[in-house]
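Peer 1:
Residue numbers (the numbering used here), protein chains in the order written: chain L, 496 to 597; chain Y, -7 to 407.
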């Protein structure tokens, strides 16, 4: 379905996750973050870029994996993206949320 | 004489041995398969052992039985792979290879979670992803008087991602049958944001959780087990208490992958998702749970991978380019309890949907809908596994790539 974000028509699924990463940019990112009550700081951007890199390499995301990577400590990760950091940060990063087979 | 070596004689390795033995010219190629263990397990059976639905003998057989004549079988520990010299070091001998197929699988790593292997392990905390674990859990459940049963997933990826949910469904049936369901509270705890993460499946199947009174805790990333409080604790100090914890610990590839420097931080090998060639070495191929491809870690996936990989091994042996064919196809039965099951058929790009399988309209199996017929299908599958799948015999009418035949797209997204 289509959603207007930052005055552009973006393709999203029913949970608001971007369907086409090519449509993502920083402006769109800030808008989505705003909707989640997240104000983007430099640390936020660092984590977003890490997640996008993992996505492009088709590597799965997990809290433990993020902790092991050293990009951020986990308490801070929860503080930056409160209420389900994995699903929130992936929404803002324009990548699919971690999923299972069903 | 050229050498093709297969590491691991589990589901994937055994299938590859059977596929290749009659396809690679015997005068040119010697095929060897290596596994440290004597026993071959039917892992889908581990789900049924705790509930006394299967017996021990139904889930294990001597692995050598399934290795064809013409393939050399070595039962030894594998120490390390040396890709620079095309060499594999076993515990007391060395093998050279021209082509290596890594099928070393994945297993649970309970030591990755603090406190999991503490005082409650195997007393009130169990896994069912190992033979020993499933049996210990069976013995526990037989006399368990009831209380809080927590079914938990540590992190993704795990093999057979739906098995923990199946366990919760089967537990509901088990306790109902015993007349003690009201004495048990079942909670399913997941690091994902739902019991179901695909919109079609949520819509089609959410009723099962309500019907079976299974509580759900989502977005739970376990930090440790508190053995004193009998609770699992996450990174923001949320505690979920339990009387009996059935957990799926972190799944990792075999340690030989780490020793050989071939894997990622979970010991899975970076593999091309359509050709199954290793990304780092042209003459190394990877199949089954050992890869890092974004397909489910499941026997059916290994079966479909084996068909493409067999063709690609032959192409590679003859110096041709590989087919980018494998599409992530998985075809899995899901037990929903009370003698019913559903079937899902999907791939990298297409999520599970309604329909019939393998034929349009006549099925006879139904996709994403419970049926008793599907349940018998799952049970019959044990026979198919030992007698057809492992031997590399194709399943009639079920192709390696997912088909759109019979699929019905009637689960509408919200607009």
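Note that beta-carbon positions come from the ideal geometry of N, C-alpha and C, so glycine has one too.
Answer yes or no: does any C-beta atom of chain Y fall closer than 8 Å to that of residue 517 (chain L)?
Peer 2: no
Peer 1: Can you pull out the residues from the stretch 160 to 186 of chain Y whose beta carbon lies closer than 7 Å to at least one beta carbon of chain L?
Peer 2: 183, 184 and 185
Peer 1: Identify every residue that forms a DSSP beta bridge with residue 412 (chain Y).
Peer 2: In the structure as shown, chain Y starts at -7 and stops at 407, and residue 412 (chain Y) therefore has no counterpart that could be examined.
Peer 1: The stretch 333 to 364 of chain Y: which residues have C-beta closer than 9 Å to a C-beta of chain L, in chain order?
Peer 2: 336, 338, 343, 344 and 360
Peer 1: Which residue comes first and which comes last in the beta strand (DSSP E) that contains residue 273 (chain Y)?
Peer 2: Where residue 273 (chain Y) is concerned, there is no enclosing beta strand (DSSP E), because DSSP gives it neither an H nor an E.
Peer 1: Is the Cβ of residue 190 (chain Y) closer than 8 Å to any Cβ of chain L?
Peer 2: Contact of residue 190 (chain Y) with chain L is assigned, a C-beta pair being separated by under 8 Å.
Peer 1: Determine the extent of the beta strand (DSSP E) in which residue 422 (chain Y) is found, giving its start and end residues.
Peer 2: There is simply no residue 422 (chain Y) to check, as chain Y begins at -7 and stops at 407 in what is shown.
Peer 1: Please report how far the alpha carbon of residue 407 (chain Y) lies from the alpha carbon of residue 514 (chain L), in whole angstroms.
Peer 2: For residue 407 (chain Y), the predicted model reports a pLDDT of 43, less than 50, meaning its position is unreliable; a value from the coordinates is still stated below. Approximately 15 Å, taken between the alpha carbons.
Peer 1: Would you say residue 247 (chain Y) faces chain L, with C-beta separation under 8 Å as the test?
Peer 2: no
Peer 1: Name, please, each residue of chain Y whose Cβ falls closer than 8 Å to the Cβ of residue 554 (chain L).
Peer 2: 256 and 284
Peer 1: Please list the residues of the stretch 138 to 158 of chain Y that have a C-beta atom closer than 7 Å to any C-beta atom in chain L, keeping them in chain order.
Peer 2: 147, 148, 149, 153 and 154
Peer 1: So residue 265 (chain Y) contacts chain L; which residues on that side make the cut at Cβ distance below 9 Å?
Peer 2: 553
Peer 1: Is there at least one Cβ from chain L nearer than 8 Å to residue 322 (chain Y)'s Cβ?
Peer 2: yes
Peer 1: Report the option in Y:224, Y:8, Y:-3 and Y:34 whose CA atom is closest to the CA atom of residue 370 (chain Y).
Peer 2: Taking each of Y:224, Y:8, Y:-3 and Y:34 in turn and checking the Cα distance to residue 370 (chain Y), the smallest one comes out for Y:34.
Peer 1: Straight-line CA distance for residue 37 (chain Y) to residue 64 (chain Y)?
Peer 2: Annotation: residue 37 (chain Y) to residue 64 (chain Y) spans about 28 Å, alpha carbon to alpha carbon.
Peer 1: Examine the Cβ distances between the stretch 355 to 373 of chain Y and the stretch 332 to 344 of chain Y and report whether three or more of them are shorter than 8 Å.
Peer 2: yes
Peer 1: At a CB-CB cut-off below 8 Å, which residues of chain L make contact with residue 228 (chain Y)?
Peer 2: Result: 570 and 573.
Peer 1: Does the CB of residue 504 (chain L) have a neighbour CB from chain Y at under 8 Å?
Peer 2: Contact with chain Y is absent for residue 504 (chain L), since none of that chain's Cβ atoms lies less than 8 Å from the residue's Cβ.
Peer 1: Would you please verify whether the beta carbon of residue 298 (chain Y) is less than 8 Å from any beta carbon of chain L?
Peer 2: no
Peer 1: Check the Cβ of residue 213 (chain Y) against every Cβ in chain L and list those closer than 8 Å, keeping chain order.
Peer 2: Contacts between residue 213 (chain Y) and chain L, judged by CB atoms closer than 8 Å, involve 557, 558, 559, 569 and 581 in chain order.
Peer 1: Which class does residue 390 (chain Y) belong to by DSSP, given the choice of helix, strand or coil?
Peer 2: coil
Peer 1: Within 8 Å of any Cβ in chain L, is that where the Cβ of residue 98 (chain Y) sits?
Peer 2: Interface residue (Cβ-Cβ distance to chain L less than 8 Å): residue 98 (chain Y) is not classified as such.
Peer 1: Given a threshold of 16 other Cβ atoms within 10 Å of its Cβ, counted over all protein chains shown, does residue 583 (chain L) qualify as buried or as exposed?
Peer 2: buried
Peer 1: Counting pairs of beta carbons, one from the stretch 16 to 23 of chain Y and one from the stretch 547 to 566 of chain L, are three or more of them closer than 8 Å?
Peer 2: no
Peer 1: Rounding to the nearest angstrom, what Cα-Cα distance links residue 124 (chain Y) and residue 589 (chain L) in this structure?
Peer 2: 43 Å
Peer 1: For residue 551 (chain L), count the other beta carbons within 10 Å of its own beta carbon; 16 or more makes it buried, fewer makes it exposed. Which is it?
Peer 2: exposed
Peer 1: Pull up the CB-CB distance for residue 189 (chain Y) and residue 345 (chain Y), whole angstroms please, since I reckon it's below 8 Å.
Peer 2: At roughly 15 Å, the Cβ-Cβ gap does not stay under 8 Å, so residue 189 (chain Y) and residue 345 (chain Y) are not in contact.
Peer 1: Starting from residue 547 (chain L), trace the alpha helix (DSSP H) both ways and give me its first and last residue.
Peer 2: 537 to 551
Peer 1: I want to verify the contact list: residues of chain L whose CB lies under 9 Å from the CB of residue 292 (chain Y), in sequence order.
Peer 2: Within chain L, no residue comes near residue 292 (chain Y); the closest Cβ sits about 11 Å away, beyond 9 Å.
Peer 1: Scan the stretch 270 to 284 of chain Y for residues whose Cβ lies nearer than 9 Å to a Cβ of chain L and list them as they occur along the chain.
Peer 2: 284
Peer 1: Would the stretch 254 to 261 of chain Y and the stretch 124 to 140 of chain Y be scored as touching if the rule is three or more Cβ pairs under 8 Å?
Peer 2: no
Peer 1: If you compare alpha carbons, which of Y:77, Y:68 and Y:211 is closest to residue 231 (chain Y)?
Peer 2: Per the Cα distances, Y:211.
Peer 1: Taking 8 Å as the CB-CB cut-off, is residue 407 (chain Y) touching chain L?
Peer 2: For residue 407 (chain Y), the pLDDT reaches just 43, beneath the cut-off of 50, and the residue's location in the model is therefore unreliable, although a value from the coordinates is still provided. At least one chain L Cβ lies under 8 Å of residue 407 (chain Y).
Peer 1: Identify the contact partners of residue 549 (chain L) in chain Y, using a Cβ-Cβ distance below 9 Å as the criterion.
Peer 2: Going along chain Y, no residue has its Cβ under 9 Å from residue 549 (chain L), so there is no contact; the nearest lies around 11 Å.
Peer 1: Grab me the residues of residue 284 (chain Y)'s own chain with a C-beta within less than 7 Å of its C-beta, minus the 5 sequence neighbours each way, in chain order.
Peer 2: 256, 260, 261, 262 and 263
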